[in-house]
Amino acid sequence: MSVTETPAATRDDADQLDAKTQRTAVRERYGRIAAESGSCCDDTASCCGETAAEDTQVSTQHGYSADDLAAVAGDANLNLGCGNPTAIASLDAGDTVLDLGSGGGFDCFLAAREVGPDGHVVGVDMTPEMVETARDNVAANDASNVEFRLGEIEHLPVADASVDVVISNCVVNLSPDKPQVFREAYRVLRPGGRVAISDVVLTADLPTDLRTDPESVAACVAGAATISALESMLTEAGFVHVTIEPKADSDEFIREWDDALDLSEYIVAATIEAERPEAGA
Amino acid sequence: MKESMMDILCCPMDKADLELEVDHEDEDEIVSGTLTCTECGEAYPIEEGVPNMLPPDMRDDVPA
Numbered sequence: 005m006s007v008t009e010t011p012a013a014t015r016d017d018a019d020q021l022d023a024k025t026q027r028t029a030v031r032e033r034y035g036r037i038a039a040e041s042g043s044c045c046d047d048t049a050s051c052c053g054e055t056a057a058e059d060t061q062v063s064t065q066h067g068y069s070a071d072d073l074a075a076v077a078g079d080a081n082l083n084l085g086c087g088n089p090t091a092i093a094s095l096d097a098g099d100t101v102l103d104l105g106s107g108g109g110f111d112c113f114l115a116a117r118e119v120g121p122d123g124h125v126v127g128v129d130m131t132p133e134m135v136e137t138a139r140d141n142v143a144a145n146d147a148s149n150v151e152f153r154l155g156e157i158e159h160l161p162v163a164d165a166s167v168d169v170v171i172s173n174c175v176v177n178l179s180p181d182k183p184q185v186f187r188e189a190y191r192v193l194r195p196g197g198r199v200a201i202s203d204v205v206l207t208a209d210l211p212t213d214l215r216t217d218p219e220s221v222a223a224c225v226a227g228a229a230t231i232s233a234l235e236s237m238l239t240e241a242g243f244v245h246v247t248i249e250p251k252a253d254s255d256e257f258i259r260e261w262d263d264a265l266d267l268s269e270y271i272v273a274a275t276i277e278a279e280r281p282e283a284g285a
Numbered sequence: 007m008k009e010s011m012m013d014i015l016c017c018p019m020d021k022a023d024l025e026l027e028v029d030h031e032d033e034d035e036i037v038s039g040t041l042t043c044t045e046c047g048e049a050y051p052i053e054e055g056v057p058n059m060l061p062p063d064m065r066d067d068v069p070a
């Protein structure tokens with residue numbers, strides 16, 4: 005079939021991967037990880053250390069407390085993130101939260117505890133196997149205020165001005181059209197709503213072979229954007245109070261992402277926060 | 007999905023409201039059915055409780 009892309013999705017630079025190749029690589033990688041999540045440890049995946057103790061160590065480096073880890077049942081925590089967006093989101097009871105690229109659902113279940121029975125958490129992920137894993141974890145966590153949809157973060161199936169907080173953990177870098185992701189986040193947020201995102205940001209130019217490798221995009225490396233590029237995208241989408249704060253000790257876990265290359269020379273984990281202005285502001 | 011969540015759901019393409027047709031539901035939620043866009047007419051299936059809201063061109067090439 006012919007692929008009909010929106011104009012915005014096809015305006016990548018010539019030396020960049022096309023959107024479809026990038027998306028396919030991402031879906032294949034995370035589909036594989038989700039399918040294998042029941043039988044942990046596969047050395048092709050960035051998830052999972054050799055032992056449960058190593059998994060816990062990685063989660064702690066990402067910023068989760070022992071309490072967070074104990075609070076969520078099942079295989080929701082695949083250790084694929086690079087931070088703890090729920091911790092920076094300061095959620096209130098009754099909030100409606102949207103998680104972009106919800107994966108196994110770990111951050112959704114943590115957010116669900118914060119927003120309580122009157123709140124809602126919606127996770128959107130484009131990988132069927134991930135949504136399936138997340139849905140299995142709904143039952144394991146008895147989380148009646150969490151739902152998942154199969155969907156694309158550039159085309160959110162979420163109504164205008166219906167969400168209080170958008171969270172996301174190491175996912176926006178995977179998108180071939182980040183400006184569109186931020187425009188969509190802005191659209192779904194209520195005036196006064198905000199984004200609280202953990203993601204990797206680029207600190208130095210990547211070698212060309214890495215930048216054009218679909219696997220490197222899928223591994224949360226080649227798709228990373230610089231802080232100033234992300235600031236422009238958020239501002240152009242209409243956000244105010246944009247702050248992007250690199251996470252000082254993230255080199256400890258990013259160094260482990262690749263055996264041959266020290267990726268912490270090129271990328272760093274960061275927290276990305278921004279607000280949709282109040283109506284009339 | 008729960009029917010109460012219809013309010014915050016929309017067509018991913020044109021953001022119009024959706025019309026719900028339920029095939030099967032249990033005491034908690036809608037297990038299977040169809041969400042049809044009231045604007046463009048695109049139909050999005052609900053399977054095993056999960057609405058498949060992927061844009062049409064992405065729904066057809068799910069890797070095996």
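Quick mapping for you: the protein sequence lines, in order, are chains A and B.
What the first sequence shows, in my numbering, is residues 5 to 285, in sequence order.
What the second sequence shows, in my numbering, is residues 7 to 70, in sequence order.
Beta carbons are placed, not taken as given, at the ideal position from N, Cα and C, and that holds for glycine.
If you're wondering where the values come from, they're calculated on a predicted model, not measured in any experiment.
- Chain A has a Cβ within less than 8 angstroms of the Cβ of D13 of chain B.
- Here P195 of chain A is exposed, its C-beta having fewer than 16 other C-beta atoms within 10 Å.
- At a Cβ-Cβ threshold of 8 angstroms, V119 of chain A and A97 of chain A count as neighbours.
- Here the C-alpha atom of L24 of chain B lies approximately 32 angstroms from the C-alpha atom of S94 of chain A.
- Put simply, the backbone Cα of L41 of chain B is about 30 angstroms away from that of T90 of chain A.
- For L26 of chain B, not one C-beta of chain A is nearer than 8 angstroms to its own C-beta.
- For D203 of chain A, the enclosing beta strand (DSSP E) has its first and last residue at 193-206.
- In the three-state scheme derived from DSSP, where H, G and I count as helix and E and B as strand, T25 of chain A is classed as helix.
- With fewer than 16 neighbouring CB atoms inside 10 Å of its own CB, H245 of chain A falls in the exposed class.
- Counting C-beta pairs closer than 8 angstroms gives three or more between the stretch 30-40 of chain A and the stretch 127-136 of chain A, which meets the contact rule.
- Closer than 8 angstroms to the CB of G55 of chain B there is at least one CB belonging to chain A.
- For D146 of chain A, no alpha helix (DSSP H) encloses it, and the DSSP letter there is neither H nor E.
- Its chain contains L114, R117 as the residues whose beta carbon lies nearer than 7 angstroms to that of A75 of chain A, once the 5 sequence neighbours on both sides are disregarded; these appear in chain order.
- Annotation: the continuous beta strand (DSSP E) that includes I271 of chain A extends over 271-279.
- Judged by DSSP in its simplified three-state form, C43 of chain B adopts strand.
- For the C-beta of C17 of chain B, the chain A residues within less than 8 angstroms are, from N- to C-terminus, P161.
- For P250 of chain A, the three-state secondary structure derived from DSSP is strand.
- Shown here, A77 of chain A sits in coil according to DSSP, grouped into three states, outside any helix or strand.
- Contact between N83 of chain A and S63 of chain A holds: CB atoms are separated by about 6 angstroms, below the 8 angstroms threshold.
- With 16 or more neighbouring CB atoms inside 10 Å of its own CB, G127 of chain A falls in the buried class.
- Per DSSP, the beta-bridge partners of H30 of chain B are B:S38.
- Cβ proximity to chain B below 8 angstroms picks out S148, E151, F152, R153, L154, G155, E156, H159, L160, P161, V162, A163, D164, S166, V167 from the stretch 144-170 of chain A.
- Interface criterion not met: the Cβ of T137 of chain A is under 8 angstroms from no Cβ in chain B.
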